[in-house]
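Numbering (the working numbering), first residue to last: 1011 to 1597.
No residue lacks a Cβ here, since even glycine has one placed at the ideal position from N, Cα and C.
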Amino acid sequence: MIGQKVPRRRRFKILDPGFKGMRLSLEQAIDNETFMGGAKSSNIIAAGPGYLAEAIRLAERKNAQPVLLLDGPTPINAKRVPASLLVLPLPLPLPQNEVLVSYTVELHVKSALNKVLAKSSSMGAVPFDLARWRALGLSCEQAGEKENRGSGARVFGTLLAGGPSKKQLQGDWFWLLATQVCEEAGCEIDVLLERLLVDFTIWFSPYTGEPIGLKDAVLIYETVQRHWQSNQSPSHCYGAQYWNHPSISATFSGQGGQVTFHETQDETISAALQSNGKILSWAGRTDLTFEKDCREKNIPLFRIEDGFLRSVGLGAGLARGAMLAVDDLGIYYDPSRPSRLEALLNEYDLSDHEQDRATALTDLIRTARVSKYNFGKSRHYDFPENKQKLLVPGQVADDAAIRKSKSATIACATTPNVNLDLLKLARKRNPDAYLIFKPHPDVETGLRKGKLSREDALNYADEIAEEADIIDLLDAVDIVETFSSLSGFEALLRDKKVVVHGAPFYAGWGLSEDLTEIEGRQRNRTLPELVYLALVQYARTIDPVTLLPCTPEFLVTRLTSQRKDRRHLITTTVKRHASWLGRKLGI
């Protein structure tokens, strides 16, 4: 706009060759008025210790801001935990009481550190304190980070953990100088350390490489470290399809090493016994004999299955999954026996913090419009306004979630096609409704069993929603009537009425109209509680791009971006057609 002052962009120059590859990332992180103690200079000249004297001299000539770049508490090239860098602006010129007797870099650094301490005493409490960091026990070694840390990063990390001794600092001039400044100021090193961590440390996401704040960095660090520590014993996997192997390996690799995949149950049991490890078995291929053998040999057995926010693309279409259900009791879709998710829903009481996170996660999923597969063509539906609009989502006819379920209305163990039975019952119960049938995407694309002819479907349905995005459909209907489809859970997330003929994990908690009595579900739950216990406590989540452990919240953002990524969509389409061809050829 004419006459409007345009903010001047900072000019950012790095003298140190070791940091030049990071110029754009550093510029992005530093280019705001609140970072680096509010330094206002439009020109920044940055360097590591070896080039700092040159940077100061150049900054004096150019009227620029000299900045010292140092190792943060994690490697700058970290692959698992957030990378970090300590970025300290140096005063120029020096204050009058520090007139140069001998021109040294140390004087500038000491002046900067004194300025940090002065700011600390005037600002009071910080938004993140060292006590929490130390309580979490964050450590590159404990998080499985393989990249080597420089000496400065090792000292920074050790100080954050509550050490080291002054003798151990002798090899690092900066931290030795920092302790000297604190001694002269009559304060503990923790005071300076806390302020440097909060205000002068830049963090970078291991998922995207983008700069992130301290709060997000700590959450990612904690997530990655907890994942690494939780996999302390060797893992041996049986029954998983090959396209799920990378996700399973990423989910269960840790201190105990990488996941080993086996072709037979006997081979899996033998390997687990030899390594004193645990077994991961795809739930649908875990029979009673296998369970009995594991139990008698005291081998921990975990059933695994696709989770509730899986991918952009179909599992049967070879799309890599990003969330796995992990169950030491049963599996979430089998109501004939207890599952770990059912136990959590019966017994787990959320803290206030968890309640807040549950509500925020529910809102995030709803706003982002993500679903399990994020498959189908987006469109607007104009169904008749003068009728109640009822959606019947189809399911895979031979799926274990059907055969192992229970129902007072459908003979799920023996029915030739649950979709036809469901349509008949939905029409009988709702004779005047406008009934929409959505085929399951695996069935619709020819990858799984359960397809109905158009003629059979339209005997009961008014319309067939083909290649539809489930979220668009949910927006357009009033009720969802299902056997046990995950679409019922997705409908609850969108505040729709859900009528259930089977016994899915989301039924029996006071959230749906249940046509089948489900024993063992002993309390009512709110929707956010269901979301939190299913997605945070029960399932394990990885980033489908980097294969690093992540939170469900980050997965939602990743799925959202993948849904807009043309290259990803083309890749999943090619894989889906290859899967269809392979099944036709019997490969």
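Query: 7 angstroms CB neighbourhood of G1267 in its chain, flanking five on each side removed; Result: P1244
Query: Bounding residues of the alpha helix (DSSP H) (the contiguous stretch that carries T1274); Result: Note, T1274: premise wrong, no alpha helix (DSSP H); not H, not E.
Query: Boundaries (first-last residue) of the alpha helix (DSSP H) holding T1570; Result: 1562-1573
Query: Within 9 angstroms, strictly: CB atoms of G1512 and I1375; Result: no
Query: Which of helix, strand or coil DSSP assigns to G1327; Result: Annotation note: pLDDT 45 at G1327 (below 50); position unreliable, no value reported.
Query: Rounded separation between W1238 and I1086 - CA only; Result: 20 angstroms
Query: Every unbroken beta strand (DSSP E) inside the segment 1172-1235 [3 residues or more]; Result: 1211-1214
Query: Minimum C-alpha distance to G1060 - residue among S1522, E1116, A1471; Result: E1116
Query: Reduced DSSP secondary structure (H/G/I, E/B, other) of Q1251; Result: coil
Query: L1565 beta carbon less than 9 angstroms from that of E1491; Result: no
Query: H1246, DSSP secondary structure in three states; Result: strand
Query: Extent of the continuous alpha helix (DSSP H) to which Q1365 belongs; Result: 1362-1378
Query: Whether T1218 touches I1552 by CB criterion (9 angstroms); Result: no
Query: Contact belief for K1125 with P1101 at Cβ below 8 angstroms, rounded distance in angstroms; Result: 6 angstroms
Query: Nearest-angstrom beta carbon gap, R1320 and M1333 [assumed within contact, 8 angstroms]; Result: 6 angstroms
Query: Coil, strand or helix - A1421 by DSSP; Result: coil
Query: Outcome for K1302 when other beta-carbon atoms lying within 10 angstroms are tallied against a minimum of 16; Result: exposed
Query: Proximity of T1211 and G1082 at Cβ, strictly below 9 angstroms; Result: yes
Query: Where L1298 falls, given that 16 or more other Cβ within 10 Å makes a residue buried; Result: exposed
Query: At least 3 beta-carbon pairs within less than 8 angstroms: the segment 1440-1454 vs the segment 1471-1485; Result: yes
Query: Q1284 burial status per 10 Å Cβ neighbour count (16 or more: buried); Result: exposed
Query: P1514 versus V1228: straight-line alpha-carbon distance, rounded; Result: 35 angstroms
Query: Sub-9 angstroms separation of S1349 and L1339 beta-carbons; Result: yes
Query: 9 angstroms Cβ cutoff met for I1528 and E1500; Result: no
Query: At least 3 beta-carbon pairs within less than 8 angstroms: the segment 1524-1542 vs the segment 1243-1259; Result: no
Query: Residue from P1403, I1341, D1409, L1545 with nearest C-alpha to V1509; Result: P1403
Query: Residue range of the unbroken beta strand (DSSP E) whose run includes F1300; Result: First-last for F1300: 1298-1306, but that is the alpha helix (DSSP H), not the beta strand (DSSP E).
Query: Exposed unless 16 or more other CB atoms sit within 10 angstroms - verdict on N1254; Result: buried
Query: Nearest-angstrom Cα separation, counted from D1488 out to H1390; Result: 15 angstroms
Query: Buried versus exposed call for Q1572 [16 or more other C-beta atoms within 10 Å across all chains shown]; Result: buried
Query: Cβ neighbour criterion (16 or more within 10 Å) applied to P1394; Result: exposed
Query: Three CB pairs or more closer than 8 angstroms across the segment 1361-1375 and the segment 1410-1426; Result: no
Query: Helix, strand or coil at P1538 [DSSP, three-state]; Result: helix
Query: Residues that L1339 bridges to, as DSSP identifies them; Result: L1339 pairs with nothing; no bridge assigned.
Query: Per DSSP, the bridge partner or partners of G1264; Result: G1267
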